[in-house]
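**Student:** Listed in order, the protein sequences are those of chains A and B. The working numbering puts the first sequence at residues 3 to 243. The working numbering puts the second sequence at residues 86 to 545.
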Amino acid sequence: MDLRIAHLYPDLMNIYGDRGNVIALSQRANWRGIDVEVRPFSVGEWADADWPDVWFFGGGQDQGQDIVGADLAGKNGAALKKSVEGGAAIFSVCGGYQLLGHEYVPETGPSIPGVGILDVTTRAGKTRFVGNLLVNAPDGYLIGFENHSGRTYLGSSAKPLGTVVVGNGNNGEDKTEGAVQGRVIGCYLHGSCLPKNPWLADRLLGWALARRHDDVKLGPLDDAAEKSARDQATEVARTRS
Amino acid sequence: MPDALALIANAAGKLTREGLRVTGRGGTALPGLVALTVDPDFITTLSSGLSHGVVCVSGTNGKTTTARMLADITRAAGWVPIHNRSGSNLDRGVAAALLADANWSGEPRGDVGLFEIDEAALPNVVARLKPRVVVVTNLFRDQMDRYFELDTLAKRIGDTLATLPVETTFVLNADDPLVANLALRPDAKTVFFGVDDESVGGTVPQAISDATRCPRCKAPLTYKRVVLAHVGDWSCSSCGLARPPRDVSATKVLLGESWSEISLAGAIGSVFAAVRVPIPGLYNAYNALAALGAARAFDIGLTEATRALANFRPAFGRLETVDLEGRTLRLVLVKNPAGFNAALLETGRKPRLLAALNDRDADGRDVSWIWDADFETLAPAVEHAVITGVRGRDLALRFKYAGVPKERIEVVDDWRAAIERAVSLAPRAAEVVVLATYTAMLELRAALSHVGAVAPFWED
Numbered sequence: 003m004d005l006r007i008a009h010l011y012p013d014l015m016n017i018y019g020d021r022g023n024v025i026a027l028s029q030r031a032n033w034r035g036i037d038v039e040v041r042p043f044s045v046g047e048w049a050d051a052d053w054p055d056v057w058f059f060g061g062g063q064d065q066g067q068d069i070v071g072a073d074l075a076g077k078n079g080a081a082l083k084k085s086v087e088g089g090a091a092i093f094s095v096c097g098g099y100q101l102l103g104h105e106y107v108p109e110t111g112p113s114i115p116g117v118g119i120l121d122v123t124t125r126a127g128k129t130r131f132v133g134n135l136l137v138n139a140p141d142g143y144l145i146g147f148e149n150h151s152g153r154t155y156l157g158s159s160a161k162p163l164g165t166v167v168v169g170n171g172n173n174g175e176d177k178t179e180g181a182v183q184g185r186v187i188g189c190y191l192h193g194s195c196l197p198k199n200p201w202l203a204d205r206l207l208g209w210a211l212a213r214r215h216d217d218v219k220l221g222p223l224d225d226a227a228e229k230s231a232r233d234q235a236t237e238v239a240r241t242r243s
Numbered sequence: 086m087p088d089a090l091a092l093i094a095n096a097a098g099k100l101t102r103e104g105l106r107v108t109g110r111g112g113t114a115l116p117g118l119v120a121l122t123v124d125p126d127f128i129t130t131l132s133s134g135l136s137h138g139v140v141c142v143s144g145t146n147g148k149t150t151t152a153r154m155l156a157d158i159t160r161a162a163g164w165v166p167i168h169n170r171s172g173s174n175l176d177r178g179v180a181a182a183l184l185a186d187a188n189w190s191g192e193p194r195g196d197v198g199l200f201e202i203d204e205a206a207l208p209n210v211v212a213r214l215k216p217r218v219v220v221v222t223n224l225f226r227d228q229m230d231r232y233f234e235l236d237t238l239a240k241r242i243g244d245t246l247a248t249l250p251v252e253t254t255f256v257l258n259a260d261d262p263l264v265a266n267l268a269l270r271p272d273a274k275t276v277f278f279g280v281d282d283e284s285v286g287g288t289v290p291q292a293i294s295d296a297t298r299c300p301r302c303k304a305p306l307t308y309k310r311v312v313l314a315h316v317g318d319w320s321c322s323s324c325g326l327a328r329p330p331r332d333v334s335a336t337k338v339l340l341g342e343s344w345s346e347i348s349l350a351g352a353i354g355s356v357f358a359a360v361r362v363p364i365p366g367l368y369n370a371y372n373a374l375a376a377l378g379a380a381r382a383f384d385i386g387l388t389e390a391t392r393a394l395a396n397f398r399p400a401f402g403r404l405e406t407v408d409l410e411g412r413t414l415r416l417v418l419v420k421n422p423a424g425f426n427a428a429l430l431e432t433g434r435k436p437r438l439l440a441a442l443n444d445r446d447a448d449g450r451d452v453s454w455i456w457d458a459d460f461e462t463l464a465p466a467v468e469h470a471v472i473t474g475v476r477g478r479d480l481a482l483r484f485k486y487a488g489v490p491k492e493r494i495e496v497v498d499d500w501r502a503a504i505e506r507a508v509s510l511a512p513r514a515a516e517v518v519v520l521a522t523y524t525a526m527l528e529l530r531a532a533l534s535h536v537g538a539v540a541p542f543w544e545d
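See the structure below:
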């Protein structure tokens, strides 16, 4: 079995240590004997957008986000949409999450269109949400660190990834964090997210592998170190926030 | 002569300092905070009495070492620096250093202010200190929870520097595109430093590059040489912006296990003997160049300056070595991916590690940065890693995902127990490399001073 991971704009959307998500997906596949290939997809037309099983899209600086937004407004945005329709999964964080939505509405000036893969809209907020983020999801909790000023609101087609226990999440108002729509996930969890939330990593792996393989069954791994890091981070989030 | 309010602030700060000393605590910030609460203009008033003026040293990595090198250089020139040596680098740290070295009438017992300044605090502090010289070592991603985006920070610093008097000299790293473009005014006085040894660095941009785009026109930058992250021989093929000519440059860099040697060339064409700085690492060669650039800005002779560098002693947690039970502990402060990657180059072939990760305010509350650091390069070599700290388990997970086998990783929660374990795992005469974030290093230092291995750091 083999897995193809596409790292979206690794040169521009790479500022918050989100690279750990690609490392987590790769290693958790490797440890199960699955061959992994990771390819970067950056600005400029993508030759083979049918290639990836799963895309990772991280957070960047405003400048990077502007360049990426312009790139996705062209053929590459359409290619990404087609890839999702063809069964590929996406895991996105922060800026990447915002760019997958319908639009980003700044405080002044015209709104910046997104790809529209996720039924969410983001508006600029006056203050920045910075701190540990603990989320209760239907299949387990999620722990990470948020750092964003955008406020994201979900439309009816997107379901929240979970409910905020500590922190602000999507918008600091409705207690939701992240969005799930089909095999596409967006969230504000840095940390990196997937190493400390291995159940979510495995869910994405299952989705990704199912695109080209039948009867995918992921065997269990020894997650003692993951659990230990999760517990410690959760304790910090609960007691210091 | 300081005004009445400054005098009261000075006295209040001094009394606080005495109080802390009596109770056995180091006062590196609180006395300054007290003085600034009494008189917000305290640092402006007291620093105006310094005959050689003030130099501010800022940037992401290398501030403390560069400032210490510069302190040695100014002393060698016969000056008396007032210096926030302990690395307390916000305005209160500056105030604490000023009042510690002033008499009760608020007159400084020194003639040059030498202040390491936190890069996020730099705009505010330079506006108040009106320094004669500003040194910026480099700008890398660091503590994203506090500094936020690097582009925004660079812009804030550049905008503030443009408001300083035209006599101010900016000493800037030519090899860092974010820093090289901080002097926005065409008439700004600059001293650029950089490394011109073609054999230093590779050709492949690193994953942690923070400036893949031209600071002026936003087109992709191209590199003839990449030294670390986005530092190197850069240029923009679109608008033509390029690495500025170096006023102080290293034409040859040799790196030893405990030293770095640079052959200097100045734009004035003088030739100097090679300088051997007694601390290892390419980044310390850069720190030495920054300090020499500042000496140049102050018109201190380079021969004098290089002699001072040859006798340099490293600062708290900056490649300091400590002996314990026949083993050598090498303390390396790491706080961001670029610093970590630079430290990696110095860990030796089969490192035994004691690694500590904290997430207090001074460390950065977001530990995500460890996933940007290049543990993958380190992993195959690791002999053993004892891991501790408030977020030690995140660090252990990072080692695991980098491919270090489980039996080589051990988490020990207590600081002292972690030190003892790391030492006991190393054979006699072996070296243990201690990698720690700021407050974790303080904790480890405290534990080490308990066993008598080091002096408390404020006595340093």
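A virtual CB, placed ideally from N, CA and C, is assigned to each residue, including glycine.
How would you call Asn-32 of chain A, buried or exposed, if buried means at least 16 neighbouring beta carbons within 10 angstroms?
**Tutor:** Exposed, because fewer than 16 other Cβ atoms sit within 10 Å of the Cβ of Asn-32 of chain A.
**Student:** How far does the beta strand (DSSP E) with Gly-184 of chain A in it reach, from first residue to last?
**Tutor:** No beta strand (DSSP E) holds Gly-184 of chain A; DSSP gives it neither H nor E.
**Student:** Anything in chain A within Cβ reach of Arg-226 of chain B, meaning under 7 Å, just list it in chain order.
**Tutor:** What Arg-226 of chain B touches in chain A: Ile-17.
**Student:** Take the Cβ of His-535 of chain B as the centre, count every other Cβ of all protein chains shown within 10 Å, and call the residue buried at 16 or more, exposed below.
**Tutor:** His-535 of chain B comes out exposed.
**Student:** Starting from Asp-613 of chain B and walking both ways along the beta strand (DSSP E), at which residues does that stretch end?
**Tutor:** Nothing in the structure corresponds to residue 613 of chain B, since chain B is present only between 86 and 545.
**Student:** Which one of A:Leu-102, A:Tyr-155, A:Pro-140 has the shortest CA to CA distance from Gly-127 of chain A?
**Tutor:** Nearest of A:Leu-102, A:Tyr-155, A:Pro-140 to Gly-127 of chain A, Cα basis: A:Tyr-155.
**Student:** Once DSSP output is grouped into helix, strand and coil, what is the label at Tyr-308 of chain B?
**Tutor:** Tyr-308 of chain B: strand per DSSP, three-state reduction.
**Student:** Less than 8 Å between the beta carbons of Asp-196 of chain B and Ser-136 of chain B, yes or no?
**Tutor:** Yes; because the gap between Cβ atoms is below 8 Å, this pair is in contact.
**Student:** Would you list, in chain order, the members of the region 408 to 425 of chain B that have their beta-carbon closer than 9 Å to a beta-carbon of chain A?
**Tutor:** Within the region 408 to 425 of chain B, the qualifying residues are Pro-422.
**Student:** Could you list which residues in chain B have their beta carbon closer than 7 Å to that of Gln-29 of chain A, in chain order?
**Tutor:** Those are Tyr-486, listed as they occur along chain B.
**Student:** Taking Cβ positions, are Val-312 of chain B and Leu-367 of chain B nearer each other than 8 Å?
**Tutor:** Their beta carbons are under 8 Å apart, which means Val-312 of chain B touches Leu-367 of chain B by this criterion.
**Student:** Quick check on the burial criterion: 16 or more other C-beta atoms within 10 angstroms. Buried or exposed for Leu-418 of chain B?
**Tutor:** Leu-418 of chain B should be labelled buried.
**Student:** Count the other CB atoms, across all protein chains shown, that sit within 10 Å of the CB of Val-137 of chain A; report buried if there are 16 or more and exposed otherwise.
**Tutor:** It is buried - the Cβ of Val-137 of chain A has at least 16 other Cβ atoms within 10 Å.
**Student:** Give the secondary structure of Ile-25 of chain A by DSSP, where H, G and I count as helix, E and B as strand, and everything else as coil.
**Tutor:** If DSSP states are grouped into helix, strand and coil, Ile-25 of chain A belongs with the helices.
**Student:** Under three-state DSSP, which class holds Val-221 of chain B?
**Tutor:** If DSSP states are grouped into helix, strand and coil, Val-221 of chain B belongs with the strands.
**Student:** I think Arg-310 of chain B touches Ala-265 of chain B, with their Cβ atoms under 8 Å apart; what is that distance to the nearest whole Å?
**Tutor:** Their Cβ separation, rounded to whole angstroms, is 15 Å, which puts Arg-310 of chain B and Ala-265 of chain B out of contact at 8 Å.
**Student:** Just list the alpha helix (DSSP H) runs in the region 199 to 246 of chain B, keeping only unbroken ones of 4 residues or longer that don't cross its boundaries, in chain order.
**Tutor:** Counting whole runs of 4 or more residues, the region 199 to 246 of chain B contains the alpha helix (DSSP H) stretches 207 to 214, 229 to 232, 235 to 246.
**Student:** At a Cβ threshold of 8 Å, is Glu-342 of chain B touching chain A?
**Tutor:** For Glu-342 of chain B, the answer is no, since every Cβ of chain A falls outside 8 Å of its Cβ.
**Student:** Answer yes or no: does any C-beta atom of chain B fall closer than 8 Å to that of Gln-100 of chain A?
**Tutor:** False, the Cβ-Cβ gap to chain B never drops below 8 Å.
**Student:** According to DSSP, simplified to helix, strand and coil, what is Tyr-368 of chain B?
**Tutor:** DSSP places Tyr-368 of chain B in helix when its eight states are reduced to three.
**Student:** If contact is defined by three or more beta carbon pairs under 8 Å, each pair taking one atom from either stretch, is the region 480 to 495 of chain B in contact with the region 372 to 392 of chain B?
**Tutor:** Judged by Cβ distances under 8 Å, the region 372 to 392 of chain B makes no contact with the region 480 to 495 of chain B, as fewer than three pairs qualify.
**Student:** Can Thr-130 of chain B and Ala-182 of chain B be called in contact, C-beta distance under 8 Å?
**Tutor:** Against a cut-off of 8 Å, the Cβ pair of Ala-182 of chain B and Thr-130 of chain B comes out as no contact.
**Student:** What would DSSP say about Asp-562 of chain B, mapped onto helix, strand or coil?
**Tutor:** Because chain B is modelled from 86 through 545, residue 562 of chain B falls outside the range shown and cannot be assessed.
**Student:** To be precise: take each residue of the region 190 to 208 of chain A, compare its Cβ to all Cβ atoms of chain B, and keep it if any distance is under 8 Å. Which residues remain?
**Tutor:** Answer in chain order: His-192, Gly-193, Ser-194, Pro-197, Lys-198.
**Student:** For my contact list, Ala-180 of chain B and Leu-121 of chain B are in at a C-beta cut-off of 8 Å; report their separation, rounded to the angstrom.
**Tutor:** Correct: roughly 5 Å between the Cβ atoms.
**Student:** To which residues does DSSP link Lys-91 of chain A through a beta bridge?
**Tutor:** In the sequence as displayed, the identity of residue 91 of chain A is Ala instead of Lys. Ala-91 of chain A pairs with A:Val-56.
**Student:** Would a check of beta-carbon distances place Arg-41 of chain A closer than 8 Å to chain B?
**Tutor:** With 8 Å as the cut-off, Arg-41 of chain A does not count as an interface residue toward chain B.
**Student:** Expressed to the nearest angstrom, what Euclidean distance is found between the alpha-carbon atoms of Trp-543 of chain B and Ser-133 of chain B?
**Tutor:** With a pLDDT of 45 at Trp-543 of chain B, under the threshold of 50, the predicted position of this residue should be treated as unreliable, though the coordinate-derived value follows. Taking the straight line joining both Cα atoms gives about 26 Å.
**Student:** Leaving out five residues before and five after Leu-10 of chain A in sequence, what residues of the same chain have Cβ atoms less than 6 Å from its Cβ?
**Tutor:** Taken in chain order, the residues that qualify are Phe-43, Trp-57, Phe-59.
**Student:** Roughly how many whole angstroms lie between the Cα atoms of Ile-353 of chain B and Gly-279 of chain B?
**Tutor:** Any reading at Ile-353 of chain B must be qualified, since the residue scores a pLDDT of 49, below 50, and its modelled position is unreliable; the value itself is stated next. C-alpha separation (whole angstroms): 15 Å.
**Student:** Closest Cβ-Cβ distance between Glu-528 of chain B and chain A: below 8 Å?
**Tutor:** No - not a single Cβ of chain A is within 8 Å of the one on Glu-528 of chain B.
**Student:** Beta-carbon within less than 6 Å of Gly-193 of chain A's beta-carbon, same chain only, minus the 5 sequence neighbours each way: which residues are those?
**Tutor:** Excluding residues within five positions, the ones whose Cβ falls inside 6 Å are Gly-146, Phe-147.
**Student:** Please report the Cβ distance between Phe-460 of chain B and Arg-483 of chain B, rounded to the nearest whole angstrom; I am assuming they are in contact, meaning their Cβ atoms lie under 8 Å.
**Tutor:** Correct: roughly 6 Å between the Cβ atoms.
**Student:** Which residues of the region 148 to 169 of chain A have a Cβ closer than 7 Å to any Cβ of chain B? Give them in chain order.
**Tutor:** From the region 148 to 169 of chain A, only Asn-149 have a Cβ closer than 7 Å to chain B.
**Student:** Just verifying my parser: in three-state terms, what is the DSSP assignment at Pro-465 of chain B?
**Tutor:** Note: Pro-465 of chain B maps to helix in three-state DSSP.
**Student:** Kindly identify the DSSP beta-bridge partner or partners of Arg-153 of chain A.
**Tutor:** Arg-153 of chain A pairs with A:Arg-125.
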